[in-house]
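Colleague: A single structure is presented below for examination.
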Amino acid sequence: MKTLYRLLAATALLASASFAQAANVLVVLSDIGTLELKAGKTFATGFYLNEAMQPVKMLLDAGHQVTFVTPTGRAPTLDKGSINPMFFGGDTNAMNEHIKLLDKLAVTSPTNSPVVSLARVAQIGYDQFDAVFVPGGHAPMQDLLTSKDLGKLLTAFHENNKPTALVCHGPIALISTLPDANKFTDSLTRSNKATARKWIYAGYKLTVFSNAEEEASKAQLGGGEMKFYPQTALEQAGATFSAQPLWQANVVEDRELITGQNPASAIGVGEKLIARLAKK
6 MKTLYRLLAA
16 TALLASASFA
26 QAANVLVVLS
36 DIGTLELKAG
46 KTFATGFYLN
56 EAMQPVKMLL
66 DAGHQVTFVT
76 PTGRAPTLDK
86 GSINPMFFGG
96 DTNAMNEHIK
106 LLDKLAVTSP
116 TNSPVVSLAR
126 VAQIGYDQFD
136 AVFVPGGHAP
146 MQDLLTSKDL
156 GKLLTAFHEN
166 NKPTALVCHG
176 PIALISTLPD
186 ANKFTDSLTR
196 SNKATARKWI
206 YAGYKLTVFS
216 NAEEEASKAQ
226 LGGGEMKFYP
236 QTALEQAGAT
246 FSAQPLWQAN
256 VVEDRELITG
266 QNPASAIGVG
276 EKLIARLAKK
């Protein structure tokens with residue numbers, strides 16, 4: 006009987022320790038499903054399946070909580086072009102597993118999505134969350150880069166050295182912390198040049214979907230052309246850009262930032278984020 010009690014006590018202790026280490030991670034997604042291109046053209050987009058769900062599954066499997074967030078609290082859109090086994094190493098079963106998880110979480114459901122707004126997160130309190138993760142897809146190029154509410158959240162995490170992970174086009178969200186993000190992006194749209202001031206990430210080493218990768222995938226836009234590329238924006242804001250050759254996984258860490266270059270980098274970003282949370 007004493008042995009049984011010891012086993013039960015040890016189990017309870019382990020469970021308590023595991024719970025104490027659990028983190029609540031904000032997963033910030035765009036709630037826009039269309040990217041505005043040059044010459045009035047548009048492109049149907051959203052978030053990429055693997056870029057969002059591979060790290061999310063890793064976080065959940067590690068015992069962490071995730072809170073899905075969009076600027077207005079409206080359900081995000083999945084980029085249908087990302088429903089492709091090639092983003093899962095050619096493994097259709099792995100792709101389907103992540104689709105099932107997405108469906109189970111109801112993230113994209115117009116009526117049952119658990120997403121909350123950035124304003125609601127501020128009401129709850131940034132101190133209630135341990136990290137933030139921003140997946141890619143082209144959608145962040147439409148709204149996250151100029152969201153004042155997101156800028157406030159990222160600034161708070163920066164000031165408190167909380168892990169901030171972003172992948173593919175997700176790092177463009179860092180532009181939201183500029184005091185003049187709209188002016189900065191307007192200038193880029195007009196001339197592909199802009200001047201930033203007082204950017205909190207100036208001098209940070211980071212990565213994002215590269216200009217070379219943008220050029221190599223232009224056909225995806227159906228003849229349209231992006232107003233500017235995220236690499237250009239982040240470099241002109243003051244970042245030190247680091248890249249690997251086309252489509253190769255690349256994860257860059259600098260202070261609280263964890264950035265991934267492309268869809269192939271999603272797992273690496275998830276691994277680095279989980280490692281950071283284990284140290285909290």
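The C-terminal position of the sequence shown is numbered 285 in my numbering, with every residue numbered one higher than the one before it. All C-beta atoms in this analysis are idealised placements derived from N, C-alpha and C, irrespective of residue type, glycine included.
Can you give me the Cβ contacts of TYR234 inside the same chain, cut-off strictly under 7 Å, excluding the 5 residues immediately before and after it?
Modeller: Result list for TYR234: ASN216, GLU219, in chain order.
Colleague: Would you call THR116 buried or exposed, if buried means 16 or more other Cβ atoms sit within 10 Å of its Cβ?
Modeller: exposed
Colleague: Suppose the cutoff is 7 Å on Cβ atoms and the five residues either side in sequence are ignored; what does the same chain contact list for ALA27 look like?
Modeller: GLY68, HIS69, GLN70
Colleague: Please report the residue range of the beta strand (DSSP E) in which ALA49 lies.
Modeller: 47-49
Colleague: Quick check on LYS198: does DSSP put it in helix, strand or coil?
Modeller: DSSP places LYS198 in coil when its eight states are reduced to three.
Colleague: Please report how far the alpha carbon of LYS167 lies from the alpha carbon of PHE134, in whole angstroms.
Modeller: Whole-angstrom Cα-Cα distance: 9 Å.
Colleague: Secondary structure at LEU34, three-state DSSP: helix, strand or coil?
Modeller: coil
Colleague: Could you have a look at ILE177 and say whether DSSP puts it in helix, strand or coil?
Modeller: helix
Colleague: Output needed for ALA221: all residues of its chain with C-beta closer than 8 Å, excluding positions within five of it in sequence on either side, in chain order.
Modeller: LEU251
Colleague: Can you tell me whether MET146 is buried or exposed, with buried defined as 16 or more other CB within 10 angstroms of its CB?
Modeller: buried
Colleague: Taking ILE88 as part of the alpha helix (DSSP H), name the residues at either end of that continuous run.
Modeller: Segment: none, ILE88 is in no alpha helix (DSSP H) and carries neither H nor E.
Colleague: Along the chain, where does the alpha helix (DSSP H) that runs through GLN249 open and close?
Modeller: That residue, GLN249, is in no alpha helix (DSSP H); it is neither H nor E in DSSP.
Colleague: Could you give the distance in angstroms between the alpha-carbon of LEU183 and the alpha-carbon of VAL139?
Modeller: 17 Å
Colleague: I'd like the list of long-range same chain contacts for THR82, defined as Cβ closer than 6 Å, with 5 residues on each side in sequence excluded.
Modeller: GLY38, GLY51
Colleague: What are the residues that DSSP puts in a beta bridge with LEU262?
Modeller: The partner list for LEU262 (beta bridge, DSSP) reads THR169, ASP259.
Colleague: Identify whether GLN70 lies in helix, strand or coil by the three-state DSSP scheme.
Modeller: strand
Colleague: Could you pull the DSSP bridge partners for GLU56 from this structure?
Modeller: According to DSSP, GLU56 bridges with nothing at all.
Colleague: Hey, how far is the Cα of PRO268 from the Cα of GLY94?
Modeller: Answer to the nearest angstrom: the Cα atoms are 11 Å apart.
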